[in-house]
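At position 165 of the sequence shown the residue is numbered 160 (our numbering), and the sequence of numbers has no breaks. Reviewing the structure listed below.
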Amino acid sequence: MIATESGIFARYQQRTPGSARLFEQARGLFPGGVTHIGRHMAPHPIYVSHAAGSRKWDVDGNEYTDYFGGHGALLLGHNHAAVMAAVQAQLGRGVHYGASHELEIEWAELIREMIPCAQKVRFTVTGTEATMLAIRLARAHTGKPKVVRFGGHFHGWHDHVAFPEGGAPGILPEVTEGMLICPPNDLGRLEETLRTREDIAAVILEPTGATFGQIPTVPGFLQGLRDLTARHGVLLIFDEVICGFRCSPGGAQGFYGVMPDLTTLAKLVAGGLPGAAVVGRREILDQIGHSADGKPPKVPHQGTYNAVPLSAAAGIATLKIVRDSDIIARANQTAAELRRRMNGVLRERGSSWCVYGDFSVFHVYVNLDGDAVTPEDIAQGRVAWTKLKGRAPARLLQEIRAGFLCGGVDTVGWPGGLVSGVHTAEDVDRTVAAFADLVDELTQTDRK
Ligand SMILES: Cc1ncc(COP(=O)(O)O)c(C=O)c1O
């Protein structure tokens, strides 16, 4: 089912003339006309004027059910009253003291209470900085140069993680050589790598699997990985930038009961404002602190915006709601309902696509081979990981995204969506209807 000539782009253009005009202006300013690679879309992106709860509105007055969710940061939806009140209260007291303050302590104490491995905390501003620091800490602690990561897993855009097998322009070959890329879910291969090499500092992964489970981690893999890394004296880093505080208040490690040595957190940790953290074992984190007798840190780490009070205020308000309410369960239920009903749409139409995922996400598997695939097949690792991510033609992905937007739904482009705890039954109905329309349109196109 490959769309070639559907009318989706034409309808999209008709609905969004104001966004088209702004994009023309933006093209002369920004590379590709956008400020993040994920905001690129054909024929142009939407320009959003405001947002509230589960919805956002573009400059042409179109309303959308939002599953971009601030790149996953907004489990509580847009403008949650408690978060807004905390940020507004802090605004009146100053946005940057260039000094230590009480909120950073309250924020770190909450994180330590919630995340099992968090003996110590260091705030950064982005998830990218957090994974870069975690890798640096692991190398410094073990004195070993290499770090293992897994194919498809995303850890931000710094030089150690932002390249596929074979490297990328602008990244030094010496840097790429410091990273070993293994296939996901392959404990045998990893076992062989760890057994035959003495130079590995750490293994880093998204514990729920690449891109919040687009390539899911198969049952038992995390515990197997923990056992293996412990046996070989290799550190285990969970990148919980997206899954932390979505799987459980204790993150994926709390949910699965597997304890890493280090964890990276971002997105939800700062309640939708810029903010991130590296947490983990005391002696590993302490490498970035002065010693009790005043010796300078073994590992350097700075950052103008680390733990700024506005982010601390938003983070504290958000984490308290995650800890004390059923917001995670509500988001999970809505996502499960979406997956179930979207699969119903596909079944009714005899489509071989599949909607899958766990927790508060849905992924659409655009089944290019047309073979029979169930969500369970994907969860159990019976579909090759190379089919699940990065294989669908860009044009088809763009048409899916634009088709959803025409139906009043903003999704992420992989394709899929990040569900919040405030999405409503009406949002679900709208999403299922938009999905049915776009599947019909793409299927009819295919038949032409
Ligand atoms: C698992 C994971 N790690 C790291 C990052 C990078 O975080 P940031 O965009 O804040 O740099 C992301 C961002 O989506 C992510 O999902």
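The C-beta atom is built at its ideal place from N, Cα and C for all residues, glycine as well.
Environment of Y92 [buried if 16+ CB atoms lie within 10 Å]: As a first step, residue 92 is located in the sequence shown; it is residue number 97 there, counting from the start. Within 10 angstroms of the beta-carbon of Y92 lie fewer than 16 other beta-carbons, which makes it exposed.
Segment contact, 8 Å Cβ cut-off, at least three pairs: the stretch 320 to 331 with the stretch 151 to 160: With the cut-off at 8 Å, the stretch 320 to 331 and the stretch 151 to 160 do not touch.
CA-to-CA distance, G215 to R192, given in whole angstroms: Reading the sequence shown from its first residue, position 197 is the one you call residue 192. Reading the sequence shown from its first residue, position 220 is the one you call residue 215. The alpha-carbon of R192 is positioned some 24 Å away from that of G215.
Validate contact between the stretch 399 to 415 and the stretch 51 to 70 using beta carbons, cut 8 Å, 3 pairs: Yes, the stretch 399 to 415 is in contact with the stretch 51 to 70.
heavy atom of ligand 1 below 7 Å from D234 C-beta: By one-based count along the sequence shown, residue 234 stands at place 239. Yes, the beta carbon of D234 sits closer than 7 Å to at least one heavy atom of ligand 1.
Backbone secondary structure at G275 - three-state DSSP: Your numbering for residue 275 matches position 280 in the sequence shown. Three-state DSSP puts G275 in a strand.
Reduced DSSP secondary structure (H/G/I, E/B, other) of M(-4): Here residue -4 is taken as the residue at index 1 of the sequence shown, counted from 1. Unreliable placement is indicated for M(-4), whose pLDDT of 41 sits below 50; the coordinate value is still reported in the next sentence. Coil at M(-4), not helix or strand.
Beta-carbon spacing of V82, A308 below 8 Å: If you number the sequence shown from 1, residue 82 lands on position 87. If you number the sequence shown from 1, residue 308 lands on position 313. Yes; because the gap between Cβ atoms is below 8 Å, this pair is in contact.
Cβ shell of P292 (< 7 Å), same chain only, five flanking positions each side left out: Sequence index remark: in the sequence shown, residue 292 carries index 297 (1-based). Only Q282, I283, G284 and H285 meet the Cβ criterion.
Option nearest T171 by Cα separation, candidates K141, L217, T30 and Y360: Working through the sequence shown from its first residue, we reach residue 171 at position 176. With distances taken between Cα atoms, T171 lies closest to K141.
Contact test: A261 Cβ vs ligand 1 heavy atom, cutoff 7 Å: Here residue 261 corresponds to residue number 266 of the sequence shown, with the count starting at 1. Using a cutoff of 7 Å, the CB of A261 counts as near ligand 1, since one of the ligand's heavy atoms is closer than that.
Expected contact under 8 Å - CB spacing of A133 and L257 to nearest Å: Here residue 133 refers to the residue found at position 138 of the sequence shown. Here residue 257 refers to the residue found at position 262 of the sequence shown. Indeed, because the Cβ distance is near 7 Å, the residues count as touching under 8 Å.
Residue(s) in a DSSP beta bridge with T259: Here residue 259 is taken as the residue at index 264 of the sequence shown, counted from 1. Answer is D234 and V273, bridged to T259.
Contacting residues, own chain, Cβ-Cβ under 6 Å from A122 (five flanking each side not counted): Reading the sequence shown from its first residue, position 127 is the one you call residue 122. One detail in the question is off: residue 122 reads as Gly in this sequence, not Ala. Here the set comprises G151, V236, A261 and A271.
Residue closest to N362, alpha-carbon to alpha-carbon, out of M174, R344, R276 and A387: Indexing the sequence shown from 1 puts residue 362 at position 367. Answer by Cα proximity: A387.
F145, buried or exposed, once every other Cβ within 10 Å from all chains shown has been counted against 16: Here residue 145 corresponds to residue number 150 of the sequence shown, with the count starting at 1. Taking a 10 Å sphere around the C-beta of F145, we find 16 or more other C-beta atoms and assign the residue as buried.
Stretch pair the stretch 308 to 320 + the stretch 100 to 110: three plus CB contacts closer than 8 Å: Per the Cβ contact rule, the stretch 308 to 320 is in contact with the stretch 100 to 110 (3 or more Cβ pairs under 8 Å).
Check whether T212 and G204 have beta carbons under 8 Å apart: By 1-based counting over the sequence shown, the position of residue 212 is 217. By 1-based counting over the sequence shown, the position of residue 204 is 209. Closer than 8 Å, so yes.
Whole-angstrom distance between M337 and A431, CA atom to CA atom: Working through the sequence shown from its first residue, we reach residue 431 at position 436. Working through the sequence shown from its first residue, we reach residue 337 at position 342. Looking at the backbone, the Cα of A431 and that of M337 are separated by about 8 Å.
C-alpha distance - K443 paired with S1, whole-angstrom precision: Walking along the sequence shown from the start, residue 443 turns up at place 448. Walking along the sequence shown from the start, residue 1 turns up at place 6. The predicted model places K443 with a pLDDT of 39, which falls under 50 and marks its position as unreliable, so this point remains unresolved.
Closest residue to V274 among G246, G165 and F250 (Cα-Cα distance): Residue mapping note: residue 274 aligns to position 279 of the sequence shown, counting from 1. The option with the nearest alpha carbon to V274 is G246.
Status (buried if at least 16 other CB within 10 Å, exposed otherwise) for A61: Working through the sequence shown from its first residue, we reach residue 61 at position 66. Looking at the sequence shown, residue 61 is not Ala but Asp. It counts as buried.
Among C401, S355, D194 and P179, nearest to R425 - alpha-carbon criterion: Locating residue 425 in the sequence shown gives position 430, counting from the first residue. Minimum Cα distance to R425 is reached at C401.
Simplified DSSP state of C401, which is helix, strand or coil: Against the sequence shown, residue 401 aligns to sequence position 406. Looking at C401 - three-state DSSP - the assignment turns out to be helix.
Proximity test, H66 beta-carbon vs ligand 1 heavy atom, cut-off 7 Å: Here residue 66 corresponds to residue number 71 of the sequence shown, with the count starting at 1. Flag set: Cβ of H66 near ligand 1.
Every unbroken alpha helix (DSSP H) within the stretch 98 to 146, with a cutoff of 4 residues, ordered by chain: Taken in chain order, the whole alpha helix (DSSP H) runs of length 4 or more contained in the stretch 98 to 146 are 122 to 137.
Exposure of I(-3), with buried meaning 16 or more beta-carbon neighbours within 10 Å: As a position in the sequence shown, residue -3 is number 2, starting the count at 1. At I(-3), the pLDDT of 41 sits below 50, so the modelled position is not reliable and the matter cannot be decided from this model.
Check whether V427 and R344 have beta carbons under 8 Å apart: Here the question's residue 427 lines up with position 432 in the sequence shown. Here the question's residue 344 lines up with position 349 in the sequence shown. Cβ distance not < 8 Å, so V427 and R344 don't count as in contact.
T137 beta carbon less than 8 Å from that of V156: Here residue 156 is taken as the residue at index 161 of the sequence shown, counted from 1. Here residue 137 is taken as the residue at index 142 of the sequence shown, counted from 1. Against a cut-off of 8 Å, the Cβ pair of T137 and V156 comes out as no contact.
Near ligand 1: G151 beta-carbon under 7 Å from a heavy atom: By 1-based counting over the sequence shown, the position of residue 151 is 156. In this structure, G151 has its beta carbon less than 7 Å from a heavy atom of ligand 1.
Span of the alpha helix (DSSP H) around Y251: The sequence position of residue 251 within the sequence shown is 256, counting from 1. From DSSP, the alpha helix (DSSP H) with Y251 extends over G246 to Y251.
Exposed unless 16 or more other CB atoms sit within 10 angstroms - verdict on V264: Locating residue 264 in the sequence shown gives position 269, counting from the first residue. V264 is buried by the Cβ-count criterion.
Burial state of K51, where buried means 16 or more other Cβ atoms lie within 10 Å: Counted from its first residue, the sequence shown places residue 51 at position 56. With 16 or more Cβ atoms within 10 Å of its Cβ, K51 is classed as buried.
Beta strand (DSSP E) segments (min. 3 residues) lying fully within the stretch 185 to 215: Segments of the beta strand (DSSP E) lying fully in the stretch 185 to 215: 195 to 200.
CA-to-CA distance, Q85 to A77, given in whole angstroms: Here residue 77 refers to the residue found at position 82 of the sequence shown. Here residue 85 refers to the residue found at position 90 of the sequence shown. Taking the straight line joining both Cα atoms gives about 12 Å.
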